[in-house]
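Chains as they are written, first to last, in this note's numbering: chain C, 1 to 226; chain G, 227 to 452. Working notes for the structure below.
There are 2 protein chains.
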Amino acid sequence: MPERPGKPTRDTYRHGDLRQALIEAGTELARTGGPEAIALRETTRRVGVAPNAAYRHFPNRDALVQAISLRAMAELAHAMEEDIAALPPTDDPVQGARDRFRAVGTGYLRFARTEPGLFRAAFYVPDDMTRAQDTVSAGHGGLTPFQLLGEALDGLVDCALMAPERRPGAEFLVWSCVHGLAVLLIDGPLRGLPDELTDPAVHDLIDLIDKGLRPDTSAADAPTPA
Amino acid sequence: MPERPGKPTRDTYRHGDLRQALIEAGTELARTGGPEAIALRETTRRVGVAPNAAYRHFPNRDALVQAISLRAMAELAHAMEEDIAALPPTDDPVQGARDRFRAVGTGYLRFARTEPGLFRAAFYVPDDMTRAQDTVSAGHGGLTPFQLLGEALDGLVDCALMAPERRPGAEFLVWSCVHGLAVLLIDGPLRGLPDELTDPAVHDLIDLIDKGLRPDTSAADAPTPA
DNA sequence: AACGCTATGTGGATGGCGTCCACATTCTGG
DNA sequence: CCAGAATGTGGACGCCATCCACATAGCGTT
Numbered sequence: 001m002p003e004r005p006g007k008p009t010r011d012t013y014r015h016g017d018l019r020q021a022l023i024e025a026g027t028e029l030a031r032t033g034g035p036e037a038i039a040l041r042e043t044t045r046r047v048g049v050a051p052n053a054a055y056r057h058f059p060n061r062d063a064l065v066q067a068i069s070l071r072a073m074a075e076l077a078h079a080m081e082e083d084i085a086a087l088p089p090t091d092d093p094v095q096g097a098r099d100r101f102r103a104v105g106t107g108y109l110r111f112a113r114t115e116p117g118l119f120r121a122a123f124y125v126p127d128d129m130t131r132a133q134d135t136v137s138a139g140h141g142g143l144t145p146f147q148l149l150g151e152a153l154d155g156l157v158d159c160a161l162m163a164p165e166r167r168p169g170a171e172f173l174v175w176s177c178v179h180g181l182a183v184l185l186i187d188g189p190l191r192g193l194p195d196e197l198t199d200p201a202v203h204d205l206i207d208l209i210d211k212g213l214r215p216d217t218s219a220a221d222a223p224t225p226a
Numbered sequence: 227m228p229e230r231p232g233k234p235t236r237d238t239y240r241h242g243d244l245r246q247a248l249i250e251a252g253t254e255l256a257r258t259g260g261p262e263a264i265a266l267r268e269t270t271r272r273v274g275v276a277p278n279a280a281y282r283h284f285p286n287r288d289a290l291v292q293a294i295s296l297r298a299m300a301e302l303a304h305a306m307e308e309d310i311a312a313l314p315p316t317d318d319p320v321q322g323a324r325d326r327f328r329a330v331g332t333g334y335l336r337f338a339r340t341e342p343g344l345f346r347a348a349f350y351v352p353d354d355m356t357r358a359q360d361t362v363s364a365g366h367g368g369l370t371p372f373q374l375l376g377e378a379l380d381g382l383v384d385c386a387l388m389a390p391e392r393r394p395g396a397e398f399l400v401w402s403c404v405h406g407l408a409v410l411l412i413d414g415p416l417r418g419l420p421d422e423l424t425d426p427a428v429h430d431l432i433d434l435i436d437k438g439l440r441p442d443t444s445a446a447d448a449p450t451p452a
């Protein structure tokens, strides 16, 4: 019996669901080391299978990383949904819209800080905008992170917290701001900033975005402030 | 004569300034392929030297990447300085402050789109905030990108385009927004967006930040807009 | 001027990686 | 029940970073 305990073994020649097992194992690698830590050989090793077996389910390493990336994106959606769900109920629709908008941002940044490896994996590689619609990257509610943000923005417009003419493409602007902070915090120059400093930064950033989106009250768009 | 044309050779056993040559060659690799394209072996090959020679000047690959990263950060500073220098002269100090602030942002994003590989290299790896002060990463004016942004923000405060009490830490917020768009554009889901779409996005983003930074004119900070 | 020390470059080996090709085993449909 | 498809294995190749032992060149001392 050459079976050493601790090493995953199997009695059948076939694995059963190797594809899923690889995604699972690879996700754990990404969780601790980011997408570049997803080594094909190490992943197959953990599953207890020869390196080449992976090629029966993915054309190459990048395809595996891609699949893991989609799953990570879905986890990001979950985190955002959690922050939205944790919101205290309100009768005021304006308050509600603003709360949901904030929750989208805080959930995003909470996930980035809690699971930096997966967050980075979610944004790894051959991506175009089409993937944001992929249902695999959606949360339990069926919406992707991008779509969750869109809904929150629609809510702002409905409550006149945002000018409708500014709505088109606003996802990209807001997304940029929040994403930028996430990136600077997890592998940029702000890495390792203690929570006591990051939490206010998150708050202030969302304040800034919120304020920047609001409709112009009087005359405030011209070069001079007032 | 085993010298094949095209391959860099040298007549002396010593190279002269191998360290600088490695940084130079590695920078070219990063320019086209980003920091992960900086392979120690390929870099030394281009310089015409054995792989191990690099270890006389850098403890490991990461140190080389780090040196290249600093140089790339300096190039980023140059790009920002260029946009500032290209500004039309103005008598209006308010206009000037706003212009410089915008130029900091446009320069940053122009560099990111023009030299995505170097931009990514600039933000690669073991970084903490201390490196932003490193003079190696400064531009011709002696200021790092971070410091250039700080100056621009000071200018806004001086012209009452920004509330002084919001000044501390504002670098991080503004930086996040601009950096986020850069990242989404060059290796995120917005990759490959044509210039016709990115240019307005850059403009709108800076507008949003500008607006978000402005002092509250009347009553506009409370949950209700007006 | 000669000597030795140190800085610098070379060569070879090791272990990790992704990927390809040939082969083995199992499952499935006719 | 058997052929072929699906799946897993083994070995090889070329890339990589890094380590050790060795070679050579330049520099300061005497």
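Cβ atoms here follow ideal geometry from the backbone N, Cα and C, with glycine treated the same way.
Residue-chain proximity (C:Asp204, chain G), Cβ-Cβ < 7 Å: yes
Short-range partners of chain C found in the region 286-307 of chain G, where Cβ spacing is below 9 Å: none
Residue span of the alpha helix (DSSP H) that contains C:Ala112, given as start and end: 93-114
Contact with chain G by C:Gly48, beta-carbon distance below 7 Å: no
Assigned secondary structure, C:Leu161 (DSSP; H/G/I helix, E/B strand, else coil): coil
Helix, strand or coil at G:Thr270 according to DSSP, with G and I counted as helix: helix
Anticipated Cβ contact below 8 Å, C:Gly139 with C:Ala74, distance rounded: 6 Å
G:Ala251 to G:Gly259 span [Cα, whole Å]: 13 Å
At least three beta-carbon pairs within less than 8 Å, the region 319-339 of chain G to the region 273-280 of chain G: no
Test item: CB-CB of C:Tyr108 and C:Met80 under 7 Å: yes
C-beta neighbour in chain C for G:Val362, strict 7 Å: no
8 Å Cβ cut-off: residues of chain G touching C:His179: Gly406, Val409, Leu410, Gly414
7 Å Cβ cutoff, C:Phe123 in contact with chain G: yes
Of the residues G:Leu439, G:Leu423, G:Pro371, G:Ala408, the one placed nearest G:Pro390, counting alpha carbons only: G:Leu439
Assigned exposure category for C:Thr114 - 16 Cβ within 10 Å defines buried: exposed
Close Cβ partners of C:Ala152 (< 7 Å) along its chain, the five nearest in sequence each way excluded: Arg100, Phe101, Val104
8 Å contact criterion, which C:Thr228 and C:Leu208 should meet: CB distance rounded: Since the first and last residues shown for chain C are 1 and 226, residue 228 of chain C lies out of range.
Under 9 Å by beta carbon: chain C residues contacting G:Ala427: Gly169, Phe172, Leu173, Ser176
DSSP state of C:Asn52 mapped onto helix, strand, coil: helix
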